[in-house]
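Chemist: Chains as they are written, first to last, in our numbering: chain H, 1048 to 1380; chain X, 526 to 875.
Would you mind keeping the following structure in view while I ask a few things?
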Amino acid sequence: MDTTTATHQQTEPPTPEAGAERAARGATRPGDRIFLGLSRGSGILVLIVMAAIAAFLTYRSVLALSENEADFLTSFEWDPSGSPPRFGIAVLAFGTVVSSVIAMAIAVPVAVGIALFITHYAPRKLGGTIAYVIDLLAAVPSIVYGLWGALALVPHLNGLYGWLDDYFGWTGVLSWSGGPARSLFTVGILLAIMILPIITNVSREVFRQVPRTHEEAALALGATRWEVIRMAVLPFGRSGVISASMLGLGRALGETMAVAMVLSPVFDIRASLLEPGGGTFAQNIASKFNEATVMGQDALIASGLVLFVITLLVNGAARLIIARRKEYSGANA
Amino acid sequence: MSHASLTPRRSSLRGATLPKWFPWAVAAASVALGLAVSAAAGLQSSIQWALIAAVCFVGGNYGVSARVEGRRQAKDRVATSLVWVAFLLAVIPLASLIWETLKRGVKVLDGYFLSHSMGVVSDTEPGGGIYHALIGTLEQVGLATLFSVPVGVLTAIYLVEYGRGRLAKAVTFFVDVMTGIPSIVAGLFILSLWVLILDMGPSGIAGSFALSILMIPVVVRSTEEMLKLVPNELREASLALGVPKWRTILKVVLPTSLGGITTGVMLAIARITGETAPVLLLVWGTNFINTNPLSGPQASLPMYIYLQYANSGGEGAAYDRAWAAALTLIAFIMILNLAARAIARWKAPR
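This is the structure we're talking about:
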């Protein structure tokens, strides 16, 4: 804006005093003041909304936590309507972390692979088409993923579950007793499929920004395609991939309906990932909300506050990584 | 250089390379081997023979290539096959999602389905439709758009045209953070404010408030990008003619970027149309037609899918309706997306 005001003053009539006078009057024109007020007000409104979210959730949570008899962080119980109310988030924290970790472990390598496929392996036309389709897939709502997961994916996982149980059942972590495949493991797979498009899209953008000269330099030294990727593309794109993964993680942590539709809710932690059990913050809120009393709703809001803080931290970190990268990368030079 | 020319040996700049059909041959051979092993050992799982075939493929590729072309080329081949595997692995579920929705959705999707509600049809019987859900979705999304677009566009104008200093930095950061708020948390916030403190019942407008929280940051971000694309020369020319700044923004900056802003708004609408969690908490969903968004529970398309799934009792009729509604929802969102992209291309700065 400094440049525009400077030009503004330059193009005023030659008498400098009159120009200064006009500029001063321009700054206080009522239309300008109203418009500035409106737009600044909207900006402030955004801040107020964020503050209000934190404040109201905290307020309701404190109401619930002050009556809670169990340890909120470590208790395995969820009985906020009982007298005295006892509830804790240990099961939810476990379920959320485990399903997100499974999702990230599957989605990140595959997404990076697809992004590389689109930018460096596929024929240009095909790559463009695939990128377009994946862009569209990112817009498919989570409820549709949930419906697909519950009715199409779950029946198809029996084979995989049986195989895992046969060969890795002895570990205890992957044993399966033959029930429907509605466990944290399935949730992890579904979440991986859901966050695949967003991680792919962001990584693809970053890989596309790799300076052509870096790649050509590597090729000129006799590098194979894989060596070009390892030495020129991946180092350049690393922070971009990390922030893309964190955006995906943020989405996986807060995913509600798909998890609620796929997971069969047993409020307990099981050793085996293939057995029904556990739950996630968001899923627990959605599935327990209907029967909840006011106390129960406050308890759910308390767990929602934890989720809010976690996603805030994850997203904030992702944004900071992106912002730092913007300053130092050669891409916008 | 001179040394190389002095030594009389069969030298070439290129090492030995395998022919182009080599990976395909290895792939065919390993699939055959995988099938043969599974037939011999009597394995039924398709994962098992696929896994055997995959291991054979990567191992065979690497072994032969390392012997003929050298280790570096072999590694390159392994990386290539892994990238292809990643791509194929992702295509399967995503293609299945689209295919299943299409196949199961077209069964009951017709004019009757679009123009009737579930008022007199119990969840386990065939019949009924999504009319009430369409009305609910259109009203809730319309209201949310009405709330979010002015706030979002004005915030973006503030950030691009006025914003310097700490307030603008804070707004930028929190808009970014707001993008990542889970929809259920937005729903809980409105719940704690609207229902628990102001003591209002479920209504469409409460859902719209929550949807606005999700929509505002998307609108701000896309509008900001579009406003930044407007060349400074246009602003300077207008200001040089003595036009006040607010009129410059309204008459020069906004019209120039209108196409981009429209695209952004449409993409934002597409994003919130599929949101279920806030609707579940605040609007509840119903089987009856409720055209008044200000009071009483209302249906919405995503909520309808969830209710049909949850209350189906395992009945095929309810699942059919859920798939048909899912197909309608996807079609709606895809059309919005495609239209938005078409506008972006049509209005692109030339």
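Note that the Cβ used here is the ideal one computed from N, Cα and C, for glycine as well.
Do H/Thr-1358 and H/Ala-1333 have their C-beta atoms within less than 9 Å of each other?
Modeler: No, these two residues do not count as a Cβ contact at 9 Å.
Chemist: Can you tell me whether X/Val-562 is helix, strand or coil according to DSSP?
Modeler: Helix at X/Val-562.
Chemist: Who are the near neighbours of H/Val-1159 in its chain, counting only those whose CB is closer than 7 Å to its CB and skipping five residues on each side?
Modeler: Contacts found: Ser-1250 and Val-1288.
Chemist: Could you tell me whether any Cβ in chain H is nearer than 9 Å to the Cβ of X/Arg-846?
Modeler: Not one chain H Cβ lies under 9 Å of X/Arg-846.
Chemist: Mind checking X/Pro-707: buried by the 16 CB within 10 Å criterion, or exposed?
Modeler: When all chains shown are included, X/Pro-707 counts as buried.
Chemist: So is X/Ile-617 buried or exposed if we call it buried at 16+ other beta carbons inside 10 Å?
Modeler: So X/Ile-617 ends up on the exposed side.
Chemist: Would the stretch 1303-1320 of chain H count as touching the stretch 801-808 of chain X if we require 3 or more Cβ pairs under 8 Å?
Modeler: Yes, the stretch 1303-1320 of chain H touches the stretch 801-808 of chain X.
Chemist: Check whether the stretch 1169-1183 of chain H and the stretch 624-631 of chain X are in contact - that is, three or more C-beta pairs closer than 8 Å.
Modeler: At 8 Å Cβ cutoff, the stretches do not touch.
Chemist: For chain X, find out if any of its Cβ atoms is closer than 9 Å to the Cβ of H/Gln-1344; answer yes or no.
Modeler: H/Gln-1344 counts as touching chain X.
Chemist: Would you mind sorting X/Trp-546 into buried or exposed? The rule is 16 or more other CB atoms within 10 Å of its CB.
Modeler: Exposed is the call here.
Chemist: What is the C-beta distance between H/Met-1293 and H/Val-1356, in whole angstroms, given that I count them as a contact (C-beta under 8 Å)?
Modeler: So it is not a contact: roughly 15 Å between Cβ atoms.
Chemist: Give a yes or no on whether 9 Å exceeds the smallest Cβ distance from H/Asn-1362 to chain X.
Modeler: Output row for H/Asn-1362: interface = yes.
Chemist: Would you say X/Leu-805 faces chain H, with C-beta separation under 9 Å as the test?
Modeler: Yes, X/Leu-805 counts as interfacial toward chain H.
Chemist: Report yes if the CB atom of X/Ala-695 is closer than 9 Å to the CB atom of H/Leu-1094, and no otherwise.
Modeler: The answer is yes: Cβ separation under 9 Å.
Chemist: Starting from X/Trp-809, follow its DSSP beta bridges and name the residues at the other end.
Modeler: Answer is X/Gln-823, bridged to X/Trp-809.
Chemist: Against H/Leu-1094, what residues of chain X qualify as contacts under a CB-to-CB distance less than 7 Å, listed in chain order?
Modeler: Ala-695, Val-696 and Phe-699, listed in chain order.
Chemist: Taking all protein chains shown into account, do 16 or more other C-beta atoms lie within 10 angstroms of the C-beta of H/His-1203, making it buried, or fewer, making it exposed?
Modeler: Looking at its Cβ environment, which holds fewer than 16 other Cβ atoms inside 10 Å, H/His-1203 is exposed.
Chemist: Just the C-alpha distance for H/Ala-1329 and H/Ile-1348, rounded to the nearest angstrom, thanks.
Modeler: Approximately 10 Å, taken between the alpha carbons.
Chemist: Between H/Gly-1193 and the rest of its own chain, which residues show a CB-CB distance below 6 Å, the 5 nearest in sequence each way excluded?
Modeler: Here the set comprises Met-1304, Ala-1305 and Met-1308.
Chemist: Looking at the C-beta of X/Lys-872, does it have a partner C-beta in chain H at a distance below 9 Å?
Modeler: No, because no Cβ of chain H sits closer than 9 Å to the Cβ of X/Lys-872.
Chemist: Buried or exposed for H/Gly-1315, going by 16 or more other Cβ atoms inside 10 Å?
Modeler: According to the sequence provided, residue 1315 of chain H is Asp. The question's Gly does not apply to it. With fewer than 16 Cβ atoms within 10 Å of its Cβ, H/Asp-1315 is classed as exposed.
Chemist: Interface residues of chain X around H/Val-1191 at Cβ under 8 Å?
Modeler: Within chain X, the residues near H/Val-1191 are Leu-622, Thr-626, Gly-799, Ile-830, Ala-851, Leu-854 and Ile-855.
Chemist: At the level of alpha carbons, what is the spacing between X/Glu-758 and H/Asp-1079?
Modeler: The straight-line gap from Cα to Cα measures roughly 20 Å.
Chemist: For X/Gln-598, decide whether its Cβ has a neighbour in chain H, counting only Cβ atoms nearer than 9 Å.
Modeler: Judged by the 9 Å Cβ criterion, X/Gln-598 is in contact with chain H.
Chemist: Just mark X/Tyr-637 as buried or exposed, buried being the case when its beta carbon has 16 or more other beta carbons within 10 Å.
Modeler: With fewer than 16 other Cβ atoms within 10 Å, it is exposed.
Chemist: Buried or exposed: which applies to X/Phe-813, given that a residue is buried once 16 or more other Cβ atoms fall within 10 Å of its Cβ?
Modeler: By the 10 Å Cβ count, X/Phe-813 comes out exposed.
Chemist: Does H/Met-1151 get closer than 9 Å to chain X when you measure Cβ to Cβ?
Modeler: So no, H/Met-1151 is outside the interface.
Chemist: Could you check what DSSP says for H/Thr-1062 in three-state terms: helix, strand or coil?
Modeler: Note on H/Thr-1062: pLDDT 45, under 50, position unreliable in the model; the coordinate value appears next. The answer is coil: DSSP assigns H/Thr-1062 none of H, G, I, E or B.
Chemist: Does the stretch 1138-1150 of chain H come into contact with the stretch 1229-1236 of chain H, if we say contact requires no fewer than three beta-carbon pairs (one atom in each stretch) closer than 8 Å?
Modeler: Touching, yes, given that three or more Cβ pairs across the two stretches are closer than 8 Å.
Chemist: Applying the 10 Å Cβ sphere with the 16-neighbour rule, what's the burial state of X/Asp-724?
Modeler: It counts as exposed.
Chemist: Should X/Pro-544 be labelled buried (16 or more other beta-carbon atoms within 10 Å of its own) or exposed?
Modeler: X/Pro-544 should be labelled exposed.
Chemist: Does the CB of X/Pro-769 have a neighbour CB from chain H at under 9 Å?
Modeler: Yes - at least one Cβ of chain H is within 9 Å of the one on X/Pro-769.
Chemist: If you draw a straight line from the alpha carbon of H/Glu-1124 to that of X/Leu-718, how long is it in whole angstroms?
Modeler: In a straight line, the C-alpha of H/Glu-1124 is about 27 Å away from that of X/Leu-718.
Chemist: Find the residues of chain H that neighbour X/Val-702, judging by a C-beta separation of less than 8 Å, and give them in chain order.
Modeler: Within 8 Å Cβ-Cβ: Met-1097, Leu-1359, Asn-1362, Gly-1363 and Arg-1366.
Chemist: Got a sec: does the ligand ZN put a non-hydrogen atom nearer than 8 Å to the Cβ of X/Phe-672?
Modeler: Among the components modelled here there is no ligand, and therefore nothing to report on the ligand ZN.
Chemist: Could you list the residues in the stretch 1257-1274 of chain H with a C-beta less than 8 Å from some C-beta on chain X, going in chain order?
Modeler: For the stretch 1257-1274 of chain H, which is checked against every Cβ of chain X, the residues closer than 8 Å are Thr-1271, Arg-1272, Trp-1273 and Glu-1274.
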